[in-house]
Amino acid sequence: MGFLEEAEKIRIQVGEALGKLGYYVEVRVEEPPIPELGDIATPVAFDLAKELRRKPSEIAEEIIREIDVSKLEVVHHVSNVNGFINFHMDPVKYPVAIINEVLSKRGDYGKIPIVRKRILIEHTNSNPNKALHIGTLRNAVIGDSLARFLKFLGHEVLVVNYIDDSGSQVADNTVAHYFMKVPTKPPEGLKFDEYSGKVYAEYNEKISRDEELKRLKSEVIRKIEEGGNEIAEFARRLSEEVVKCQLETAWDFGIFYDLLNWETDVIRSGIFQWAMKELEKRGEVYVEEEGVNKGCLMIKLRDVEEFKNLKAPDEVLIRSDGTATYVGKDIAYASWKLGLTPRKFKVKEWIQQPNGKTILTTHEYGEDYEFPGADIAITVVDKRQEYPQMVVKHALKKIGMPPSKEYHPYLYEVVALSGETASEMTSLEELKSRKVVHMSGRRGLVFNANDLLKTVFQKVYEETKKRHPEESEEWIRKVSMCLSTASVRYSLIKTDRNNLIVFDVKDAVRLEGDTGPYLQYTYARACRIIEKAGVDVDSVNEVSFETPEEQDLVKQIGKFSWVLNTASKTLAMNTIAVYMRHLADSFNSFYEKCPVITDGIRRDRFALVKSFLITMGNAFDIIGIEKLSII
RNA sequence: GGGCCCGUGGCCAAGCCAGGAUUAAGGCGUCGGCCUGCGGAGCCGAAGAUCCCGCGUUCAAAUCGCGGCGGGCCCGCCA
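For the first sequence, the residue numbers in our numbering are 3 to 633.
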């Protein structure tokens, strides 16, 4: 029984005590600032002080007298400190309870009671005309961790990646390769997705400045949407090549998907037409007859409160040339996610992923995909898309999304470059003095995920080789890879999602301090103790933890479910990362002060180390970090 | 013009949504210690903070409200 469970029991007991006294107020529980004050506290006496017009301390005394401590087995005593009611846990029973819980639950340790839901998570969503960069990687890492977390809690999770193959960007590349005869074979040493990104940066501008090419591009978009023609098939082949490369990058980071939803298939499946029809039936759309948007199908938003502050709230869903906009398609796609549309995608098996699971892809010539619709659809998108996502949500309500379903845009801030890194990449001196430089695919100013991994790997490889000169090349490379991906994943997940990340290379290759490798190092040195001890312990009856380091480590381990419970409400993955750091800190302090292997084996400490490994291991699984026993 | 987000030691940052009790975590950097002892990718210690400013709510504000200031973003027949 950890902090979460004990806090809940205390909440109930205090609630009963209040009942006896005739007081009715919600019982808040918290952790006291220093351990000497107690393990769990409630400031409930302060909440009552005002209406009772009495001193908190007196009220606390009164409440404490009514608390039935016998119902709280692991509580040793209760104290009143200036009005705070502090519960002091039994120094033996509490650790024993926590350790035995961890040792018996193992891979399930940390799970909390939930109402099981079917949850669809969409993430990554990079345009299929360029490589994944550190911005899309943040998206993917957040999405992947969310998926892992929700699965860990016991939800049914479907992970999808939306491939925007019918938009403007793919059209640019198609025009370049198909009409302007840019070779489709990348130059030596460049992956196709990276090459594609360069072609885009070069030709996007050329096309936008030439009226003839612009007309051609509009025609290409229409052909791609229609399908069943050479241009559409050509474009699909281009996109598939890029997506394959993007998937390889994602796999390197331990990110896998269940299904790829191609935007063209939103149209070809009839889902798009269905959604537009539904909106039309309900009078939510109209054809604009004048002005800049003449001839476009618009959705009416001008009278909706949330959109009042926009200059021109109504949004284009179908352009005057008959092609669909991103928002239009996304409304339709979202209606599928939640099972609102009777139309189905056709899918086929595409590629086997390194995790053994075959990824499905929507495809014109596939089989009907049976999906009853998610209870909750989470879309991981960067903050700049907040308004369009609000439009999607609004449209879904109009189409008839039941209140039991939830459409949840999961917004996060983008990744930008430090002036120094941007200037190094481009050799543009003038960028150096800038604090923040935003990435831009069009300007070719992007830091690719592949390049980041290579850079980090190089540093990690050196360090690993230094430490293990006797190991095989294969072993060193494998371990270095695990450390590198952990390093990148951790650095992208540990920051609050509302904060802009200013990416800097010299910071990215750091392996000490608050980093993924630090966590893995801590895990590995704990593994060494278990191995060297050469015994095993499955439960404990007694412990004698006298040092603050032991007590602190026990408490940290016991807080895991509390942390996950909070995270399940906020979906803030960084709080789990921060917890892992605290857990590692506690272990390292313990490690210095409390030997496990002395003349004999300290069984209680051994059990504590094992509990630490299980807890940290479960957290690794959630955040997507490999568990290595030697690094 | 309107809206959203951020503002915590030189730098990065946790805590803020669910207000409390202390020296306001931690990391980088700086300075000083610790390996014949379970792995120094570590540990211990030192210096370093008007929690952007003002007003308000409250017994209590980094945390809540209002008003400023500074930075970023959004308001496209791009996605």
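In this text, a Cβ means the ideal position worked out from N, Cα and C, and glycines have one as well.
Check	Outcome
Selected residue, minimal CA-CA separation from H125, among S322, N102, N163, H157	N163
Helix, strand or coil at A252 according to DSSP, with G and I counted as helix	helix
Cβ neighbour criterion (16 or more within 10 Å) applied to N175	buried
Separation of E372 from P45, as counted between CA atoms	52 Å
Three-state secondary structure (DSSP) of I627	coil
Classification of E8 by the beta-carbon crowding that lies within 10 angstroms, buried from 16 upward	buried
Own chain, CB closer than 7 Å to G256, minus 5 neighbours either side, in chain order	T487, G626
Neighbourhood of M392 by C-beta distance below 7 Å, restricted to the same chain and skipping five residues each side	E308
Segment contact flag, the region 312-330 with the region 106-117, C-beta cutoff 8 Å, min 3 pairs	no
Own chain residues within Cβ distance below 8 Å of T517, not counting five before or after	S489, Y492, S493
Residues sharing a beta bridge with S420, DSSP	V438
Bridge partner(s) assigned by DSSP for P411	T381
Other residues of its chain near E431: CB distance less than 8 Å, five sequence neighbours each side excluded	S425
Supposed contact pair V504 and V438 - C-beta distance, whole angstroms, cut 8 Å	6 Å
Secondary structure of I87, DSSP reduced to three states	strand
Pick from E158, L615, K183, F194 that is closest to R527, judged by C-alpha positions	L615
L362 vs V349 beta-carbon contact at 7 Å	yes
Alpha carbon of P550 to alpha carbon of Y409, nearest angstrom	46 Å
Cα-Cα separation, L299 to K310	20 Å
Buried versus exposed, by CB contacts within 10 Å (16 or more), D601	exposed
Distance CB(A173)-CB(Y205) smaller than 7 Å	no
Length-filtered (3 minimum) beta strand (DSSP E) runs lying within the region 40-91	42-44, 77-83, 86-91
Among M618, C596, D623, A574, the one whose alpha carbon lies nearest that of I144	A574
Euclidean distance between Cα positions of D498 and K22	43 Å
Short Cβ contact (7 Å threshold) for K73 with Q15	yes
Where the alpha helix (DSSP H) containing V289 begins and where it ends	Taken as a continuous stretch (DSSP letters only), V289 belongs to no alpha helix (DSSP H), being part of the beta strand (DSSP E) at 287-289.
Every unbroken alpha helix (DSSP H) within the region 148-211, with a cutoff of 4 residues, ordered by chain	170-176, 194-210
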